[in-house]
Amino acid sequence: MRIDILHSNNVLPSKMAVLKQYACQDIIHDDAGSLDTTTAFTERHIAIERLPDELLLHILLQPVIDLKTLCAMTRTTPRLRFLVMGILRTYKLPHISFATATEQEGRCKATVQYVFDSLDERTLCARFVPLKSAPKRYRHDTTAAVPILRHMLLSDDGLAFPSCVEQEDRRPKRQGSWITVDSQDSGEGVKSEKSSHAEESRPVKRSSNRRVLPIKSTGAHEIHSNQRLPTVNGSSCPAWQMMYYVSADGSAPPADAVGTHASLLPQNKRGASHGERYLTPLCLTIHLSLMYQSAKKKRSPPHSWSMQAMRWVKSTFL
5 MRIDILHSNN VLPSKMAVLK QYACQDIIHD DAGSLDTTTA FTERHIAIER
55 LPDELLLHIL LQPVIDLKTL CAMTRTTPRL RFLVMGILRT YKLPHISFAT
105 ATEQEGRCKA TVQYVFDSLD ERTLCARFVP LKSAPKRYRH DTTAAVPILR
155 HMLLSDDGLA FPSCVEQEDR RPKRQGSWIT VDSQDSGEGV KSEKSSHAEE
205 SRPVKRSSNR RVLPIKSTGA HEIHSNQRLP TVNGSSCPAW QMMYYVSADG
255 SAPPADAVGT HASLLPQNKR GASHGERYLT PLCLTIHLSL MYQSAKKKRS
305 PPHSWSMQAM RWVKSTFL
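The C-terminal position of the sequence shown is numbered 322 in the numbering used here, with every residue numbered one higher than the one before it.
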């Protein structure tokens, strides 16, 4: 029986005993060492498939089930993949936001907040769109430096929730970890990024690393990471991508700009001759693996049998 993730609120008490029975029996059986690795995985896999959807949702929404575990489960059965994708879209990703900081020669600083918009099941990449999208003016002449992307900030206002969680405001409530993009020269090429994670009580250390944002030609532009990560179908995609729109008069980007590849949007290769450009952010696309280390176990630990069930799930899929 499948249930609607959006309207699933509670797990019936009578079902909890079933969950405890299935989980603990398989853990004890595995600890006895009577099965080899392949057989043990198969037995655990069959056991978890016997659970009804509401119990699986109760397990997967526990704080100890992190994004890494959920992503691993998407590569198993269609049923688990369906449940995990619903959990990611409804409960996990809406609580994550990003912020980018751009500047030009230490001036014209702009910070843009991005909130979750959609999830691509094929690439496991989440798209984030600006909370407010307004063009920012930059100088464009022979004496002005090219604008740079100084920082990319990931903020998670709660990647760990109770089972019955309600949708909350998408605005970030605290700073999470800094993802710093790196460029070694002033060219327009794409360079690899570095990541650093700051504890909640410590100030974030700003790095001198930067990424160039070309604004010479008007139209849609895209910068992305050199690091490529695997997708579900066996191909690969950039770890992160940023799309933005450049105009000479502050005009709005096309209505279909978000979600359309930059190469497919109209562009002016020559570029306008004016001494200024207007940059409008379009979207960020982030692979889920870059968010693995953002999960925080902030809630109280579950009951002992429930913790056993969590370890059972994690050992099955990781």
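C-beta: ideal position from N, C-alpha, C; glycine also.
- Segment contact: the region 124-139 against the region 148-155, fewer than three CB-CB distances shorter than 8 angstroms; contact not assigned.
- Beta-bridge analysis with DSSP links Ile100 to Asp160.
- According to the DSSP assignment, Met247 belongs to the beta strand (DSSP E) that extends over 244-251.
- Taking the Cα positions, Gly223 is about 28 angstroms away from Leu292.
- Fully contained in the region 60-117 are the following beta strand (DSSP E) runs of length 3 or more, in chain order: 100-108.
- Burial check for Tyr296: the Cβ neighbour count within 10 Å stays below 16, so the residue is exposed.
- DSSP places Arg131 in the uninterrupted beta strand (DSSP E) bounded by 129-134.
- A straight-line Cα-Cα distance of about 12 angstroms links Gln117 and Thr106.
- Where Leu286 is concerned, the enclosing beta strand (DSSP E) starts and stops at 280-291.
- Annotated three-state conformation of Leu294 is helix, per DSSP.
- Burial check for Thr147: the Cβ neighbour count within 10 Å stays below 16, so the residue is exposed.
- Here Thr78 really is in contact with Arg85; their C-beta atoms are around 5 angstroms apart, less than 8 angstroms.
- As DSSP reads the structure, His144 sits in no beta bridge.
- In this structure, Leu87 places its C-beta atom within 8 angstroms of the C-beta atom of Asp57.
- In the DSSP assignment, the residues bridged to Ile227 are Met246.
- The beta carbon of Thr235 sits closer than 7 angstroms to those of Arg126, Thr127, Leu128, Cys241, all from its chain and outside the five residues before and after it, given in chain order.
- Looking at the DSSP output, Leu233 sits in a beta bridge with Cys241.
- Between the alpha carbons of His99 and Ile52 lies a distance of about 27 angstroms.
- Taking the Cα positions, Arg232 is about 36 angstroms away from Gly279.
- Note on geometry: alpha-carbon atoms of Gly110 and Leu217 lie some 14 angstroms from one another.
- Shown here for Asp145: same chain residues with a beta carbon closer than 7 angstroms to its own, the five before and five after excluded, namely Gly279 in chain order.
- Scanning its chain for C-beta atoms nearer than 8 angstroms, with the 5 sequence neighbours on each side dropped, one finds around Gln108 the residues Tyr142, Arg143, Ala148, Ala149, Val150, Pro151, Ile152, in chain order.
- For the pair Thr289 and Tyr248, the CB atoms are not nearer than the 8 angstroms cut-off.
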